[in-house]
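Only one structure is covered here, and it is reproduced in the block below.
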Amino acid sequence: MNNMVDIEVVIDENFDEPKVTILTKEKTKQVENIVYAIENVTENDFPIIPATGDEGIEFISQRDIVRVFTEGRKVQLQTAEGIYTVRKTLTGIEDDLNPSRFIRISQSEIINIYKVKRFDINIAGTIGVEFEDGTKSWASRSCVKAIKQKLQK
Amino acid sequence: MKFIHRVVIMSSIGFGIGVITGVLICAFSATLSTADGTLHLCSDALIASCGNPLTAFTIQAFASGIYGIIAFGGSTVYEIESWGLVKCTLIHYLCTMVFYYVLGFSMRWFSISHLGEPFIMFIIMTAIYVAIWLANFISYKIELEKLNRDLEELKAAPDIGLAAANAHK
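Given below as structure tokens:
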């Protein structure tokens, strides 16, 4: 497999901002990595989040966050690698998060919509959220409408 | 609006609606059951136990208002985020049912010797609550299926944020 990427830069004065188009036969890991790299460069308005884990303070890219939630009085942040503690309130961290990626699903939790596998309701009437990594959580009924509106924007 | 404020507002509305509905239903029922061509605001049994019609009417109106508080104020349990639909419906059902029978027997709406009417009410109320739960459950189920479809569409596009991904659709 050829790992080289053919890059073409077209100078066009009709574009005030750079526009990146990726032409590909299928969505591969390489394509994801390219998107990831471009996003990290362009998403400067949404900072990486400092959080404390087992090995001290780490800086977490917003793209890697699965969910941010309160447990007791602590605000915690979950990624595929583990759970970290954030020294901010949930509302405080919500202001730092990219609103087009993160959605509040209850008073105590904000989720990365791209990490969600599916939503469901169980027989007890609780709305469950299952993430790609198998983590499960619940959403408040009052947030369903807001989630739907956000997905359809 | 804070939850406690919602409870107070809903309870106040419930008290008003409870008084009006209670007075109307009791007057209709008492007038129909006596069928002597005059308007009765309370059952004869309640008037007899209270001593005079005014006291009986006042107590009955107040009790109906309290029932309205339980029914309307209690409906705010549905706003408790961490409770599932079953828990909310069950708690509201138990509160309204228990209070309905306490009120019904103390206001002489029905008596221990005639349990047919309260039993029919039990069946009707239970059926209504099951229907409410079922309607809510099905409505959320449909809504969440749509949500999952939107989510799949979104995730089919590259992970570049909702706004940009939606622009790709």
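First to last, the sequence lines map onto chains D and U. Those letters in the first sequence? Residues 5 to 157, by the working numbering. Those letters in the second sequence? Residues 740 to 908, by the working numbering. Built from N, CA and C at the ideal position, the CB exists for glycine as well.
Using a Cβ-Cβ cut-off of 8 Å, T139 of chain D does not count as an interface residue toward chain U, since no Cβ of chain U sits closer than that to its own. Within chain U, the residues placing a beta-carbon under 8 Å from that of V148 of chain D are Y879, E882, L883 and L886, ordered along the chain.
Three or more Cβ pairs closer than 8 Å define a contact, and the segment 777-788 of chain U meets that threshold against the segment 842-854 of chain U. Secondary structure note for E856 of chain U: its alpha helix (DSSP H) is the uninterrupted segment G855 to A895. Counting the other CB atoms within 10 Å of its CB gives T828 of chain U a total of 16 or more, which places it among the buried residues.
Here the alpha carbons of T89 of chain D and N37 of chain D stand approximately 27 Å from one another. With a beta-carbon spacing of about 6 Å, I107 of chain D and K154 of chain D fall inside the 8 Å limit used to define contacts.
Look at N116 of chain D here: in three-state DSSP terms it is strand. At a cut-off of 8 Å between C-beta atoms, A128 of chain D counts as an interface residue with respect to chain U.
Boundaries of the beta strand (DSSP E) harbouring E62 of chain D: G60 to I64, taken from the DSSP string.
In its chain, beyond the 5 residues on either side, V758 and V762 have a beta carbon closer than 6 Å to the beta carbon of A800 of chain U. As computed with DSSP, I107 of chain D is found in a beta bridge with D:I115.
DSSP places E75 of chain D in the uninterrupted beta strand (DSSP E) bounded by I69 to E75. Nearest CB-CB separation between L101 of chain D and chain U: not below the 8 Å threshold. Taking 8 Å as the upper bound for CB-CB distance, I109 of chain D and I53 of chain D are not in contact here, some 18 Å apart.
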